[in-house]
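This report refers to the structure that appears directly beneath it.
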Amino acid sequence: MQRYSAFAIAREALRHHTGWQRAWRSPEPKRRYDTIIIGAGGHGLATAYWLGKLYGIRDVAVIEKGWLGGGNTGRNTTIIRSNYLQDPSAAIYEKSRSLYETMSQDINYNVMFSPRGVLMLAQTEAEARGYRRTAHANALQGVETQFVSSWRVKQLCPIISLEGPRYPVLGALWQPRAGTARHDAVAWGYARACSDMGMDIIQKCEVTGIRSEGGQVTGVSTTRGEIECDRLGIVVAGHSGALADMAGFRLPIESVALQALVSEPIKPAMDVVVMANTVHGYMSQSDKGEMVIGGGADGYNNYTQRGSFHHIEETVRALVETFPMISRLKMLRQWGGIVDMTGDRSPIISKTPLGNCFINCGWGTGGFKAVPGSGWAMAELMAKGQSPLAEAFTLDRFREGRFIDESVAAGVAH
Amino acid sequence: MSRRLSQGGRLIDRSRTFHFTVDGRRYGGFAGDTLASALLASNRTLMGRSFKYHRPRGVVSSGAEEPNALFGLGTGDRFEPNQRATMTELYPDLTALSQNRWPNLEQDLGGLISRAARVLPAGFYYKTFLRPRVFWKHVYEPVIRALAGLGHAPAEKDADRYEHFNVTVDVLIVGGGVAGLQAARRAGAAGLRVLLVEQTAQWGGRAPVDGAVIEGKPADAWITGVLSELQSMPNVHMRPRTMGAGVYDHGYALVYERVTDHVSGAQGPRHRLWRVRAGRILTTTGALERPLSFAGNDLPGVMLAGAVRDYVVNHAVTPGERVLVVTNNDDAYRTALALSEAGVTVPAIVDARPGGGGALAEAARSAGLRVLTGTAIAGLSGKRHVTGAALCLQDGTGEVTEQIACDTVAMSGGWSPVVHLWSHCGGKLTWDVDEVMFRPDPNRPPTGADGRGFVEAAGAANGYLATADILGDADRAARAVTEALGRSLDDAPALQAEREETAPIRAVWTMPEKAPVKLREKMWLDYQNDVKVSDVALAAQEGFESVEHAKRYTTLGMATDQGKLSNINGLAILADTLGAEIPAVGTTTFRPPYTPISIGSVAGEARGDLFQPIRRTPLHHLHEAAGAVFEPVGHWRRPYVFPRDGETVAQAVEREILTVRHKVGLLDASTLGKIIVKGPDAGRFVDMIYTNKMSTLKVGRCRYGLMCSENGFLMDDGVVARLDEQTFLCHTTSGGADHIHAHMEDWLQTEWWDWQVYVANVTEQYAQIAVAGPKAREVLETVGGMDVSKDAMAFMDWADGALAGIPVRVFRISFSGELSYEIAVPASRGEALWQALRSAGETHGIAPYGTEALHVLRAEKGLIMIGDETDGTVVPQDLGLDWAISKKKDDFIGMRGQQRRELSRPDRWKLVGLETLSGGVLPDGAYAVEEGRNANGQRNVQGRVTSTYRSPTLGRGIAMGLVRNGPDRMGEVLDFPGTDGVVHRARIVSPAFYDPEGERQNV
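Chains as they are written, first to last, in UniProt numbering: chain A, 1 to 414; chain B, 1 to 1003.
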């Protein structure tokens, strides 16, 4: 692999950058692989990366219907945090956050992880109590958080209005080591690292069927031919239900549109990420200067990647109360992604009724922050048959009632 | 130099001079100018700095697509960054500030970055800033952030207001050029309700500038006629300064009206967001001119040819004295002719086509202009402004054939239809090889619920560039829309418009075609984001082959103009580098809004007090007068405590609790949810909604009930009273009223739609007052009017009657453990009853109490509180409420869920009381730890605190909590570490701390 560095850039500049190689190969699919991962989003690529890195499984194809990182990996609001209440969630998100800290160096690709800190505002007494509880839980989980006063909130984020007429800021749950990262770079960097390990990333290749025999997957049918495998991982977020259907089982997943928007860029005005769950809005400023705003999910199921405008209105209205200065900024672009929601809003990283088929989905509105940790757990599960990080997130928990409900303290947006 | 021409200017009024200020310097302009035209008239051509390299930039366009000339407008609480000078109408005393420069626009230190551009190609930041790791957060990122961004953030709260309109129309026509006007005229004549919007202040679009002649009249005259015709149609509404911002499913469209931006010190809303529901949407949004990619094409002085023509014709401003025209199509000849007519020197027209142009080229030659065919620009000279151009052959590699002195370059790379609104909701495009443009594919429009297209494009937006074709297409579209809406349209003769013979456009993606990398590194595609031809080629070389990858890797089209100038040129370069066809590469997704709209307008009127208005109980102002401290509960404000003079909040809470325990207290319980369930199937319905058997409740009696979610978790609780055989009054928690009502409706409407039951939320119809404490009965007897004795009204009875002459319904229920009555009266009588109770209780020491006292009182009794002891993961069995779960019923919501393995596990965390060994108060939300760590390294836990208070009644801290197997572990001591590191020790006890037998409430 061509190493990236300031020196490499200077060297290439001398020859007008004509010497840069492809970041990843674009091969034709082979007839068979040891392992196939369906879905070249962040989670799928991270799974492949850790399979290779930790377990030496490198005869891997990552198959992607469209372009790698083109789904929710490239559509989210890039927030990374791990201040979750329930033990299994805190474990996997904190693992993920800590992997983000060194990701740029690990894969020699600057994913711009920016540990600028996340504030989750408490705007009702109930929310304040919920976050105090989370702070207690986090302390025992090894997640560094703190319930801070409204005075400290103002200090960390001067553009905030503490005295919203409807929801005064009573305090906040502060995670100083949480932050943001450049979402596309996570997919690109992993793709490059996987390709370098000899894995095939096959874009524009849609899976049309999953073949099995005696309860074991034998391969997949794709728009680019039949491909055999010994092991299959399905990591396709919003389209998980469709893939599970091909494999012959059902998932407790609903797919809905989640929307986000950005303002035009402005000079730095906000150094932290702020989430206001009572009013369903969150905001941070990208390195480019845009205010990145996310809100709640649509109330009905669909696959259109658009969503209804009244959700944007509600989100923006709430944030204008919280950050009055944004009223005179302009909305540059709005978009939607299809998120896969489970009944308890927690993910599924699980074995399936097919012995050698594994599924990773259900990250709902908050999967980006989990990418490296999710891939780590999925790779461990696929390589070893079990993973402590994934243990609670099995598919059968819905039948058994073992829910991992985060809405308890965090509202819906996570 | 750029300057005002002595004559002409169809939009300006030379009799009205406005003064304005940019960066503290005063300038003058005329009414009808834009900020851009007025600056050009004042010979100020440097208008901005680019985003990445901080390169000096002049205005390049005359419209919504402007990427360079952005200013901060206004001051103080009316300051707004990133305003396009081209779309800013001049008004007296306009104040503007240039952006993205330090210390000033002329000498921007950031401009030094431009010298290092060679080492800063597309995506360089993914390859560096990697070490040392901590530098990203502390050094690299802060510096990058400071250099990025455009204008400064507004510092103050917005002084303006915004509003929303909701309208339903048959046809929304977006774009008030000749196509839009003609279509509106036809649709209007067919009787359709038409809304016609135009983003600028003028009607007619480009036709008058282009010198179109329609029906034998100059375009301006024809437009005036059509406007008066449209104004006479009551079914046609027209709005200038109003932009079609977005198209959404089911004919929903957003329209953005800038109401007062063009007026100084105006009253009224600043922007208005129209939410339009249209039967059909017709886009007559015109086309945008594309730049040409030649070396140095970002220098101030390089402008779109159409824009140069606009400034000359509309504002009588010439951007230079010697304007070189460069083109690959006929249209730019119009600019050369307009300039020439205005007396401005056009040293040459550089046409990339070997065969040159058609009739317009002939006209140019006849006017004595020099036309060079098959020629291209090899490069420009000048550092901060164009001083000359080097020419070469288009088909070569850039060997200079000639130098021409000029101070402006007017370029035209062809026209791209504005297809944004067509595309927002899924309309597809088709690549027209002959016209070199993406145009709407009529076979793949965005479709509505009926599967038919609901957007129609016409005119230049549909790919027609000649006036005659545009008008003909407008007629066709108007007919299509009218007929789709079930109306008919009379045949009208086709409009006659003059038409020139034209020569075909040539696809020119770089100048010269085989430009070497040294030239390609100086060809700008995206002016604002500094994306060059070489950057897109680099992206393709590195494997970013998808148009989405290339966009994100290079940031092409991600600036505030969203690629209006750059996208087509960029993807042509991408296709070229990949050896693919342009349609195979495709476009990036078009997303709303068309151009940025103010966030204030999206929020609308619902701001400040109107944002989720506060709900107040009928007694609210009494509490205010009594000095209550309020807390938000749902959308309500409830009194938290009523401190007296000199009391702290904690002291006041203790006093209120002791008042209830020893004397009598008054609580405003009006927010308590009250839902009427009525009908022949009401009993059957409440049996499903509650875990209890409610249908056996006798009229006149109350019962405490639990509601669970489908998954079996406890959702809400409250007292149910049976009012008559077919009517139940269900009390819910204050915060739960709305969603429980919705929950009931959900089941009735989707599952039990054939049951004869109505539910109605009557929460706000009643004021409800709790009178609690050992003296409660005496107070009611003093008020008089009802027999409230134990015999007449036992615990959990209710009765209608009158107190102090006010009709009341009295429930004998208790949430404090004391003798207690809850009295409901019509909301309008709440105040009278409250006053009557207060004066009757005066001798007994009556006092109001707030929610905090309420919480402590119930905790002393071990009564659970929804939201404290429950959090959506707790089943009634966890709380020792098994008695409230009917064993006799076949089914209720949540029953099946509760049978699942996890929910019926014997070692679940269960409700207990917790008493600190120290007598102090346990921290809220603390967890009880046990030995060891789990497989993920987290401390093992065995329980948690759910409610914790200091009990003044018991004189010590009390808490409730959920502990694994708790009820079987009475007396055990648990450790609760606080977040401050202090470990609190507490003993497991019964949660009923006070009066466990319930003797006090049952007297």
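Where is the CB? At the ideal position from N, CA and C, for every residue including glycine.
Spatial neighbours of A:Arg-224 in its own chain (CB-CB distance under 6 Å, excluding positions within 5 residues in sequence) are listed in chain order as Pro-29 and Cys-205. In the DSSP annotation of this structure, the continuous segment of the alpha helix (DSSP H) that includes A:Gln-155 starts and ends at 150 to 156. For B:Ile-893, there is no enclosing alpha helix (DSSP H), since its DSSP letter is neither H nor E. Interface with chain A (9 Å Cβ-Cβ cutoff): B:Asn-82 is included. Residues of the stretch 99 to 122 of chain A with a C-beta atom less than 9 Å from some C-beta of chain B are Glu-101, Thr-102, Ser-104, Gln-105, Asn-108, Tyr-109, Asn-110, Val-111, Met-112, Phe-113, Ser-114, Pro-115 and Arg-116, listed in chain order.
Listed in chain order, the non-local C-beta contacts of B:Gly-919 below 7 Å within the same chain comprise Arg-956 and Gly-957, local neighbours out to five positions each way being set aside. Across the structure, B:Ala-497 and B:Glu-215 are spaced so that their CA atoms are roughly 6 Å apart.
For B:Pro-923, the nearest CB of chain A lies under 9 Å from its own CB, placing it at the interface with that chain.
The stretch 217 to 232 of chain B makes no contact with the stretch 304 to 312 of chain B, as fewer than three CB pairs between them are under 8 Å. Beta-bridge analysis with DSSP links B:Val-912 to B:Gly-961.
In this chain, the beta strand (DSSP E) harbouring B:Gly-72 covers 70 to 73. Of the residues A:Met-275, A:Ile-201 and A:Met-331, the one whose Cα lies closest to the Cα of B:Leu-273 is A:Met-331.
In the three-state DSSP reduction, B:Lys-428 falls in the coil class, being neither helix nor strand. Annotation: B:Trp-136 to B:Leu-658 spans about 58 Å, alpha carbon to alpha carbon.
B:Trp-798 is bridged by DSSP to B:Phe-811. Straight-line spacing of the CA atoms in B:Gly-897 and B:Val-757 works out to 25 Å.
According to DSSP, residue pairing for B:Glu-931 in a beta bridge does not occur. Boundaries cannot be given for B:Arg-206, as no alpha helix (DSSP H) includes it and DSSP labels it neither H nor E. Judged by pairs of C-beta atoms under 8 Å, the stretch 673 to 682 of chain B touches the stretch 759 to 769 of chain B, as three or more such pairs exist. In this structure A:Ser-82 is in contact with A:Ala-90, their Cβ atoms being roughly 6 Å apart against a cut-off of 8 Å. Excluding its 5 nearest sequence neighbours in each direction, B:Arg-101 has C-beta neighbours in its own chain below 6 Å: Arg-49 and Asp-108, listed in chain order. B:Val-419 is not bridged by DSSP to any residue.
Between the stretch 277 to 287 of chain B and the stretch 385 to 401 of chain B there are fewer than three C-beta pairs closer than 8 Å, too few to call the two in contact. Between the alpha carbons of B:Thr-482 and B:Met-688 lies a gap of roughly 52 Å.
The way I'd put it, the stretch 906 to 915 of chain B does touch the stretch 874 to 894 of chain B; three or more beta-carbon pairs between them come closer than 8 Å. In terms of CA proximity to B:Thr-589, B:Ile-568 leads the group B:Ala-603, B:Ile-568, B:Leu-578 and B:Ser-598.
In this structure the stretch 404 to 418 of chain B lies against the stretch 343 to 354 of chain B, because at least three pairs of beta carbons, one per stretch, are closer than 8 Å.
A:Lys-53 and A:Ile-227 have their alpha carbons spaced roughly 23 Å apart.
Where B:Gly-718 is concerned, the enclosing beta strand (DSSP E) starts and stops at 714 to 724.
Contact between the stretch 525 to 534 of chain B and the stretch 50 to 67 of chain B is present, with at least three C-beta pairs closer than 8 Å. Where A:Cys-194 is concerned, there is no enclosing beta strand (DSSP E), although the alpha helix (DSSP H) around it starts and stops at 183 to 196.
Between the stretch 439 to 453 of chain B and the stretch 355 to 375 of chain B, the count of Cβ pairs shorter than 8 Å is below three; the stretches do not touch.
When secondary structure is reduced to three states using DSSP, A:Trp-67 falls in the coil class, being assigned neither helix nor strand. Residue B:Ala-926 holds the alpha-carbon nearest to the alpha-carbon of B:Arg-985 among B:Tyr-994, B:Ala-926, B:Arg-964 and B:Leu-954.
Taking the C-beta atoms as reference points, A:Ser-374 is found no nearer than 9 Å to A:Ile-63. The closest CA to that of B:Ala-827, considering only B:Glu-764, B:Ala-799 and B:Ala-650, is found on B:Glu-764.
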